[in-house]
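Since the structure comes first, as structure tokens, the remarks are kept for the end.
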Amino acid sequence: MESEQPILVNSKLERIDFDELVERCRKDTNRILADDDVGIVLYVGDLDIHTVTGVGHPKTGDAPPDPNGHWVQKVNQISVKRFGSTVRHQIGSVVRTLASDSVLVLRDNETVRKIKAADLKPGMILDTGEKVYW
Amino acid sequence: MNFKNALEQNLFEAATRVCGANASIEHNKTIEIEVAITREVASFAGPPKKEIDVITAGFKQSPDVKMLISSKDFGNSKAEPAHVQEWAAVVKAMNQYSGGTKYLGLIVSPSSFTRGCEPWASAYNLGLIPPLKGKKLSFPLNTTIQMFERVLAAFDKRIHFPHEILFDAPHFYEFVYNITEAFEGRDEAIKDSGDRYKLLPMAWVSSFGEVYRTLKGKSIQDIEVTVAKICVHFSDDLSFKVAGERILFGPDGKTCGGQAVAIACEKNVIGEPCSFEFLRNLVVGQSVTSAGDWGHRFEFGLTDDLLLAIEPERLQVYRTRNPPDQLFVRWL
Chain Y
1 MESEQPILVN
11 SKLERIDFDE
21 LVERCRKDTN
31 RILADDDVGI
41 VLYVGDLDIH
51 TVTGVGHPKT
61 GDAPPDPNGH
71 WVQKVNQISV
81 KRFGSTVRHQ
91 IGSVVRTLAS
101 DSVLVLRDNE
111 TVRKIKAADL
121 KPGMILDTGE
131 KVYW
Chain X
135 MNFKNALEQN
145 LFEAATRVCG
155 ANASIEHNKT
165 IEIEVAITRE
175 VASFAGPPKK
185 EIDVITAGFK
195 QSPDVKMLIS
205 SKDFGNSKAE
215 PAHVQEWAAV
225 VKAMNQYSGG
235 TKYLGLIVSP
245 SSFTRGCEPW
255 ASAYNLGLIP
265 PLKGKKLSFP
275 LNTTIQMFER
285 VLAAFDKRIH
295 FPHEILFDAP
305 HFYEFVYNIT
315 EAFEGRDEAI
325 KDSGDRYKLL
335 PMAWVSSFGE
345 VYRTLKGKSI
355 QDIEVTVAKI
365 CVHFSDDLSF
375 KVAGERILFG
385 PDGKTCGGQA
395 VAIACEKNVI
405 GEPCSFEFLR
415 NLVVGQSVTS
425 AGDWGHRFEF
435 GLTDDLLLAI
445 EPERLQVYRT
455 RNPPDQLFVR
465 WL
């Protein structure tokens, strides 16, 4: 599971340990939406959990106000798969670990199209405006 | 109760397992569309009325929330946008005449959907099972039923928290997608390694990678051999069990089960006979540093340069050394 654990922070940008978060969620079993041979899905909408995104705003693609900064996005649900290979790509200024079958949306001239993370190539531009470097 | 096909029966049984008496099925239910000229009802055979077969899932926590499930058994053909549009109209009609109950729509088609279905489903906030991903995918019936049951069970828990947003497109569509999209990796793992690895205590399908991640750094506490299996007990109450060709591992206490029996034990790389106690004394207290699976033989690399090999009928231990020409230290 470790290799696919997302990087999580709270609103003060303090790192949150995923295993501790799971244990915290287990105290209220309704938060564990699924926990089976496929993986685990947690509802964390009210637990002040955020994730760091790439350079572009997740929806608009705008750069963050701080030139060296990143957008931080609130997380409602965390899904960690027990299977599925991972791939590493630098997207924007962030190196991300993605499940190889994660679906991303590419900007292709004036249109958008879907692509799996395993098929990302350097130079591609996501719909968020972020460039795939490698 | 009569069912139109096996898919419908399987879906209803799955809905009953999750929702109990709040799951129901109706055949030839007549719904009436208030405005028969909207484009979503273009596929209706006879607006403003339509007969539908519907499985309804209700939830104890929120009696005013129900899921309307459409079962599409088209053999090898995929469901098309018209089917999604039709169900969008059904859900819309049910919401219009519900008197307070809020309906969400779900379409299950084991043969999958054509690409044009996704924009309709996301625009009308309908869940699709199986999920449409970056390439065309279809799943076996039992996987589709597992996806469906996972969605219902997850939704049953999700509605304990603020959930109004799920009624706004495309959030329910995305919720269903997120709950179901990981099945592809699991099915591929089963294809690769069959039934060999099982994660205890639930005996979930697992992989070699998960065996190693679970036991890496854990120290051996004991080894037991019974008529049923070979059990290696690790720290943190983890176990590793070999039962024929199957490997079971994970948190499972220190039980092995069955009557203790003797097993052939060997030392050194050339396989000289040794006692079980000799082998046990060497490996107990050592931690896992690496692992390898040769199909019939599972090997643990241990601290102190030890290697413990486990076969269904044999145990072997030897010490590894570098450089290669001095690789093995021989015990006398």
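Taken in order, these protein sequences are the chains called Y and X.
For the first sequence, the positions run 1 to 134 when the numbering used here is used.
For the second sequence, the positions run 135 to 466 when the numbering used here is used.
The beta carbon of each residue, even a glycine, is placed where N, CA and C say it ideally should be.
Remember, it's a predicted structure, so these values are computed and weren't measured experimentally.
Does the Cβ of residue i have 16 or more other Cβ atoms within 10 Å, making it buried, or fewer, making it exposed?
{"i": "VAL472 (chain X)", "result": "Residue 472 (chain X) cannot be examined here, being either before or after the span of chain X that is shown, 135 to 466."}
{"i": "HIS161 (chain X)", "result": "exposed"}
{"i": "ALA34 (chain Y)", "result": "buried"}
{"i": "SER3 (chain Y)", "result": "A caution first: SER3 (chain Y) carries a pLDDT of 34, below 50, which makes its placement in the model unreliable, though a value can still be read off. So SER3 (chain Y) ends up on the exposed side."}
{"i": "LYS270 (chain X)", "result": "With a pLDDT of only 48 at LYS270 (chain X), under 50, the local geometry of the prediction cannot be trusted, and the value read off the model is given with reservation. Its Cβ having fewer than 16 others within 10 Å, LYS270 (chain X) is exposed."}
{"i": "LYS121 (chain Y)", "result": "exposed"}
{"i": "HIS194 (chain X)", "result": "Just to set this straight, residue 194 (chain X) is Lys in the shown sequence, not His. By the 10 Å Cβ count, LYS194 (chain X) comes out exposed."}
{"i": "LEU275 (chain X)", "result": "exposed"}
{"i": "LYS12 (chain Y)", "result": "exposed"}
{"i": "ILE381 (chain X)", "result": "buried"}
{"i": "MET228 (chain X)", "result": "buried"}
{"i": "PHE146 (chain X)", "result": "buried"}
{"i": "ARG82 (chain Y)", "result": "buried"}
{"i": "THR111 (chain Y)", "result": "exposed"}
{"i": "THR314 (chain X)", "result": "buried"}
{"i": "PRO407 (chain X)", "result": "exposed"}
{"i": "GLU130 (chain Y)", "result": "buried"}
{"i": "GLY192 (chain X)", "result": "buried"}
{"i": "ASN259 (chain X)", "result": "buried"}
{"i": "ALA396 (chain X)", "result": "exposed"}
{"i": "VAL95 (chain Y)", "result": "exposed"}
{"i": "ASP19 (chain Y)", "result": "exposed"}
{"i": "TYR231 (chain X)", "result": "exposed"}
When the Cα of residue i is compared with those of the options, which residue comes out closest?
{"i": "CYS390 (chain X)", "options": "X:PHE374, X:SER204, X:ALA323", "result": "X:PHE374"}
{"i": "THR454 (chain X)", "options": "X:ILE444, X:GLU445, X:GLY435, X:ASN259", "result": "X:GLY435"}
{"i": "PHE295 (chain X)", "options": "Y:VAL75, Y:VAL9, Y:ARG24, Y:ASP46", "result": "Y:ASP46"}
{"i": "SER246 (chain X)", "options": "X:ASP329, X:LYS226, X:CYS408, X:GLU214", "result": "X:GLU214"}
{"i": "PHE432 (chain X)", "options": "X:CYS408, X:GLY378, X:ALA394", "result": "X:GLY378"}
{"i": "ASP302 (chain X)", "options": "X:ALA323, X:PRO244, X:LYS236", "result": "X:LYS236"}
{"i": "GLU298 (chain X)", "options": "X:ASP198, X:VAL359, X:PRO335", "result": "X:ASP198"}
{"i": "SER243 (chain X)", "options": "X:GLY261, X:LYS226, X:GLN230, X:SER232", "result": "X:GLY261"}
{"i": "VAL105 (chain Y)", "options": "Y:THR128, Y:ILE91, Y:GLY123, Y:VAL95", "result": "Y:THR128"}
{"i": "THR190 (chain X)", "options": "X:LEU440, X:ASP386, X:GLN230, X:ALA149", "result": "X:ALA149"}
{"i": "ALA290 (chain X)", "options": "X:SER196, X:SER424, X:ARG347, X:ILE404", "result": "Checking the sequence, you will find Asp at residue 290 (chain X) rather than Ala. Residue X:SER196 is the option with its Cα nearest to ASP290 (chain X)."}
{"i": "ALA485 (chain X)", "options": "X:PHE410, X:TYR307, X:LEU442", "result": "Chain X is shown from 135 up to 466; residue 485 (chain X) falls before or after that span and cannot be answered."}
{"i": "LYS138 (chain X)", "options": "X:LYS401, X:ILE159, X:GLU445", "result": "X:ILE159"}
{"i": "GLY209 (chain X)", "options": "X:LEU300, X:PRO304, X:ASN156, X:ALA140", "result": "X:ALA140"}
{"i": "LEU334 (chain X)", "options": "X:PRO385, X:GLU142, X:ILE165", "result": "X:PRO385"}
{"i": "VAL80 (chain Y)", "options": "Y:LYS116, Y:ASP48, Y:ASP28, Y:ASP36", "result": "Y:ASP36"}
{"i": "GLY426 (chain X)", "options": "X:GLU445, X:ASN312, X:ILE165", "result": "X:GLU445"}
Are the Cβ atoms of residue i and residue j separated by less than 7 angstroms?
{"i": "VAL38 (chain Y)", "j": "ARG320 (chain X)", "result": "yes"}
{"i": "SER221 (chain X)", "j": "GLY239 (chain X)", "result": "Residue identity check: residue 221 (chain X) is Trp in the sequence provided, not Ser. Yes."}
{"i": "ILE364 (chain X)", "j": "VAL345 (chain X)", "result": "no"}
{"i": "VAL72 (chain Y)", "j": "HIS50 (chain Y)", "result": "yes"}
{"i": "SER93 (chain Y)", "j": "ALA118 (chain Y)", "result": "no"}
{"i": "LYS114 (chain Y)", "j": "VAL132 (chain Y)", "result": "no"}
{"i": "GLN420 (chain X)", "j": "ILE354 (chain X)", "result": "yes"}
{"i": "LYS212 (chain X)", "j": "THR248 (chain X)", "result": "yes"}
{"i": "ILE293 (chain X)", "j": "MET281 (chain X)", "result": "no"}
{"i": "LEU42 (chain Y)", "j": "ILE78 (chain Y)", "result": "yes"}
{"i": "ARG448 (chain X)", "j": "ALA398 (chain X)", "result": "yes"}
{"i": "LEU202 (chain X)", "j": "VAL188 (chain X)", "result": "yes"}
{"i": "VAL152 (chain X)", "j": "ALA287 (chain X)", "result": "yes"}
{"i": "LEU349 (chain X)", "j": "VAL422 (chain X)", "result": "yes"}
{"i": "SER340 (chain X)", "j": "LYS352 (chain X)", "result": "no"}
{"i": "ASP370 (chain X)", "j": "GLY387 (chain X)", "result": "no"}
{"i": "ILE81 (chain X)", "j": "SER204 (chain X)", "result": "Any property of residue 81 (chain X) remains undetermined from this structure, which presents chain X solely from 135 to 466."}
{"i": "PHE474 (chain X)", "j": "THR277 (chain X)", "result": "The first residue shown for chain X is 135 and the last is 466, placing residue 474 (chain X) beyond what the model contains."}
{"i": "ASP48 (chain Y)", "j": "ASN76 (chain Y)", "result": "no"}
Residue i CB to nearest chain A CB: under 7 angstroms?
{"i": "ASP35 (chain Y)", "result": "Of the chains in the structure shown, none is chain A; the protein chains are Y and X."}
To test your reading of the DSSP string, which unbroken alpha helix (DSSP H) runs of 4 or more residues are found completely within the region 192-261 of chain X? 215-230, 251-257
Contact list for the region 303-319 of chain X against chain Y, Cβ threshold 7 angstroms: ASN312, ILE313, ALA316, PHE317, GLU318, GLY319
Could you pull out every unbroken alpha helix (DSSP H) segment of at least 4 residues lying fully inside the region 428-457 of chain X, listed in chain order? none
Scan the region 25-51 of chain Y for residues whose Cβ lies nearer than 8 angstroms to a Cβ of chain X and list them as they occur along the chain. THR29, ASN30, ARG31, ILE32, LEU33, ALA34, ASP36, ASP37, VAL38, GLY39, VAL41, TYR43, GLY45, ASP46
Taking only beta carbons into account, state which residues of the region 194-226 of chain X come closer than 8 angstroms to chain Y, listed in chain order. none
Chain Y contacts made by the region 146-157 of chain X, where a contact means CB separation under 8 angstroms: none
Note down, in chain order, all residues in the region 290-301 of chain X with a beta-carbon under 8 angstroms from any beta-carbon belonging to chain Y. LYS291, ARG292, HIS294, PHE295, PRO296
Of the residues that make up the region 70-90 of chain Y, which ones have a beta carbon closer than 7 angstroms to any beta carbon in chain X? GLN77, SER79, LYS81, ARG82, PHE83, GLY84
At what residue ranges does the region 374-439 of chain X contain a whole run of the alpha helix (DSSP H), taking only runs of 4 or more? 410-417
Proximal residues, the region 100-117 of chain Y versus chain X, C-beta separation under 8 angstroms: ASP101, VAL103, LYS114, ILE115, LYS116
For the region 405-429 of chain X, list every residue whose C-beta sits within 8 angstroms of some C-beta in chain Y, in sequence order. none
Could you please tell me which residues of the region 326-338 of chain X, in chain order, have their CB closer than 8 angstroms to any CB of chain Y? LEU333, MET336, TRP338
I'd like the ranges of any beta strand (DSSP E) spanning at least 3 consecutive residues and lying wholly in the region 11-47 of chain Y. 32-35, 39-43
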